[in-house]
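One line per chain: the protein sequences are A and B, in this order.
Quick note: the first sequence uses this note's numbering, first residue 35, plus one each step.
Quick note: the second sequence uses this note's numbering, first residue -19, plus one each step.
Where is the CB? At the ideal position from N, CA and C, for every residue including glycine.
To keep things clear, I will list the structure first and then write my remarks on it.
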Amino acid sequence: MASVSIDGIDKNYGATSVLRSVSLSIADGEFLTLLGPSGCGKSTLLRILAGLEVQDAGSLSIGERAVDNLRPKRRDVAMVFQSYALYPHMTVASNMGLPLRMRRLSTFQRLPLLGRLLPGTARIAAEIDAEVTRTAKSLGIGHLLARKPGQLSGGQRQRVAVGRAMVRHPAVFLMDEPLSNLDAKLRVQMRAEIKELHQRLGATFVYVTHDQAEAMTLSDRVAVMLDGELLQVAPPQEIYADPDDRRVAEFIGSPKINMLDGVVRERGLIDVAGSTLAIGADALAGAHLTLGIRPEAFHLAERGGPGALTGFVRMIEHMGSDLFVHLDLAGGDHPLIARLLAERAPDIAPGQTLHVGVRPDRVLLFDRNGRRLRQEVESGRASVTPIREVAR
Amino acid sequence: MSINMHPNRLLQPSAIVRHAVLLTTGALILVPFVWMVSLSIKPPGEIFRASFSFWPAQIYGVENYTKALTEAPLPRYMGNGLIVCALILGLQILVCAPCAYALAKLRFPGRDLLFAMVLIGLLLPHQVLSLPLFVLSYQLGILNTYAALIFPYVVSPFGIFLFRQFFKTIPDDVVHAARLDGLSEIAIVWKIMVPMALPALAAFSIFSIVGHWNDLFWPLIAVRDESLMPPPLGIMAFKSEESGNDYGPLMAASTLIVLPLVVAFLAAQKWFVEGMTGGAVK
């Protein structure tokens, strides 16, 4: 078991900068997810950690040991690949046993026929077989050991790939989008199994994905990456509710967060889409801001005016317990999605005018560069009572 | 759709034309071989008869084949062919697979230049190199030995190219997984890449064996000693020295020499086609 520290990693491919001074420390036994769209450099970072790529600058250590100059084999990490990367010509047992054979048997003991005659080979080989069998059974693939990868289903191959990593008891598990080749149902099931595996093994996991659901459900902390930079590293709830950056807010959450342009009228009031919201912003009057409002932060209001937004209902998506209401706001061409409880909003129809209120403390403010502006909560002005009442 | 719904697809005009063309081409290629086999079982008088027939009036096969096997050291020639082809193939794989792996999966400066040189090597006919190779063999003192027959072929640009194309289709992740599992680069070549490239290996083996079993040009230059001659060179010697116009035994010897190749090809036919087309589509 080991902590991981990543310090100032740069990586360029020719003129393209893939990673820009990425620093991150991962605690022993933590489940950290690198989350970002494809091409953001998250897989490259994982490969650098594994030793499969070499960084242009920066240093890495695993469990207090600098690993920059160590070959992948010596880093005590195991990796599960998106494509599983099983060896098609070997049986499941050989696939899983190979890392152990390479480590425990000497070069001579690994020789095809001669090796078996050398002292100790038979005993070590039997130990390896026993461990492989035990690991396979714990993953529910004990009956598949004699098969080849081509004869397995996607989910079974996935388990073999995990088993090949597990059997070595590595200090750090690296997983590169391990679930993205599975169908939706199996993905949810394997997600739960990976979480269970992490709790059972207590090892450090670094997990790469572009799927926010995986990141949110599995992780102790999520590191959101974009264009080769780490934007924010925080627990999932915090990433969702308290993002540092507009891009983080936009990447996380489905449906996507609503982004509205607003202007500060005076201290504590912001004009947005033909209405005024009572939000304390640390900005001068006349400053342009972006308001990020999650769809579920809206609630139905009886009338428009201060504290509520008014729009025409363009489309309604029924999701069972919830409704996704698509609105065109009156004061501009902003499209907006509000997530309302179905029972509270029984008879909304497309084309009608709708007022939605929003709690000021659920509004995220971003400056023009996309940086988060914290609301002035300490002054108590963030929750202006009269306007809240209007909203109801 | 209409083709699929037709009750008998083979009777479509286009299908008839297609099969006619295929059958004609096949027959043209096959005729010399059939003629060879036919001559090998005819008595001398019948071979030069003006009338044409594939099937001999009098079967003279036993005599011809006995003569072929006894009057010239045919088994010796075939043994030589076997030794030379096996050693060439073994050494070629030993050299080509690591080269191809480096060209396909490793990143190093000059890789593309090296690959371009392999491609140029592929374009050069072997005859162009025969004089320098002869001089080199002379300097090394290996003329008139097995080594002279083997060493010019050990590095095969075609083998490197074929393996490289096949290795390219193997995902990088497999190589990465092998490195993490603790395999050295050489171990990756022999334990992972070559076993995964079996179709390419089979196709290359057939090419190599057929090519070198049938090779006449270089052995003619490199060896004089009859006990070192591979089959085609042996046959040539057999023709000029022993038989004169005795074509029956000569054709019997030719048939015997071609036979192992036909058997080997039929056995490995499936892999051969797979290896030839596998690299093309990916």
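Arg198/A is the residue among Arg198/A, Ala372/A and Gln271/A whose C-alpha sits nearest the C-alpha of Ile175/A. Scanning its chain for C-beta atoms nearer than 8 Å, with the 5 sequence neighbours on each side dropped, one finds around Gly63/A the residues Met35, Gly236, Ala237 and Thr238, in chain order.
A Cβ-Cβ separation of about 15 Å leaves Val256/A out of contact with Ile228/A under the 8 Å criterion.
In the same chain as Arg157/A, and ignoring 5 residues on each side of it, no C-beta atom comes closer than 8 Å to its own.
Annotated as proximal: Phe65/A and His232/A, with beta-carbon spacing under 8 Å.
Residue range Thr155 to Ser172 is occupied by the alpha helix (DSSP H) that includes Asp163/A.
Under the DSSP assignment, Arg54/A falls in the beta strand (DSSP E) whose first and last residues are Thr50 to Ile60. As the crow flies, the alpha-carbon of Ile313/A is around 42 Å from that of Met209/A. Secondary structure of His232/A (DSSP, three-state): helix.
Leu86/A belongs to the set of residues whose beta carbon lies under 8 Å from a beta carbon in chain B.
According to the DSSP assignment, Ala183/B belongs to the alpha helix (DSSP H) that extends over Leu178 to Trp193. Excluding five sequence positions before and after Trp251/B, the CB atoms of its chain that fall closer than 6 Å to its own CB belong to Pro179 and Ala182, given in chain order. Counting only Cβ-Cβ distances below 7 Å, Leu163/B has contacts in chain A at Met136, in chain order. Inside the segment 247 to 281 of chain A, DSSP marks whole alpha helix (DSSP H) runs of 4 or more residues at positions 270 to 275, from first to last along the chain.
As DSSP reads the structure, Gln145/B sits in no beta bridge. Pairing Arg193/A with Leu173/A gives a Cβ-Cβ distance under 8 Å. Listed in chain order, the non-local C-beta contacts of Leu142/B below 6 Å within the same chain comprise Ala180 and Phe184, local neighbours out to five positions each way being set aside. Contacts with chain B at 8 Å (Cβ-Cβ) include Ser117/A. Here Thr125/A is near Leu179/A, since their CB atoms are less than 8 Å apart.
Under the criterion of beta carbons closer than 8 Å, Pro137/B and Gly101/B qualify as touching, at roughly 3 Å. Around the Cβ of Ile189/B, a 10 Å sphere holds 16 or more other Cβ atoms; the residue is buried. The residue from Pro55/B, Met209/B and Ile172/B with its alpha-carbon nearest to that of Ser128/A is Ile172/B.
Pairing Ile39/B with Ile21/B gives a Cβ-Cβ distance under 8 Å.
Taking the Cα of Leu200/B as reference, the smallest distance to any Cα among Ala244/B, Leu129/B, Leu116/B and Gln119/B is reached at Leu129/B.
The three-state reading of DSSP puts Met231/B in helix, counting H, G and I together.
If you draw a straight line from the Cα of Tyr118/A to the Cα of Asp217/A, it is about 15 Å long.
Going by beta carbons, Arg405/A and Asp295/A fall outside the 8 Å limit. Counted as a single uninterrupted DSSP element, the beta strand (DSSP E) harbouring Ser93/A occupies residues Ala91 to Ile96. Along the segment 200 to 212 of chain A, there is no position whose C-beta sits under 7 Å from a C-beta of chain B.
If you draw a straight line from the Cα of Arg87/B to the Cα of Met113/A, it is about 22 Å long. By the Cβ test, the segment 313 to 326 of chain A is in contact with the segment 281 to 299 of chain A, since at least three Cβ pairs between them sit closer than 8 Å. Rounded to whole angstroms, the Cβ separation of Ile304/A and Ala315/A is 6 Å, and the two are in contact under 8 Å.
When the Cα atoms are used, Ile73/B and Pro175/B turn out to be separated by approximately 12 Å. At a cut-off of 8 Å between beta-carbon atoms, Met113/A makes contact with chain B. Interface annotation for the segment 139 to 155 of chain B against chain A: Pro151, Asp153 and Val154, criterion Cβ-Cβ distance under 7 Å.
Judged by pairs of C-beta atoms under 8 Å, the segment 329 to 345 of chain A touches the segment 385 to 392 of chain A, as three or more such pairs exist.
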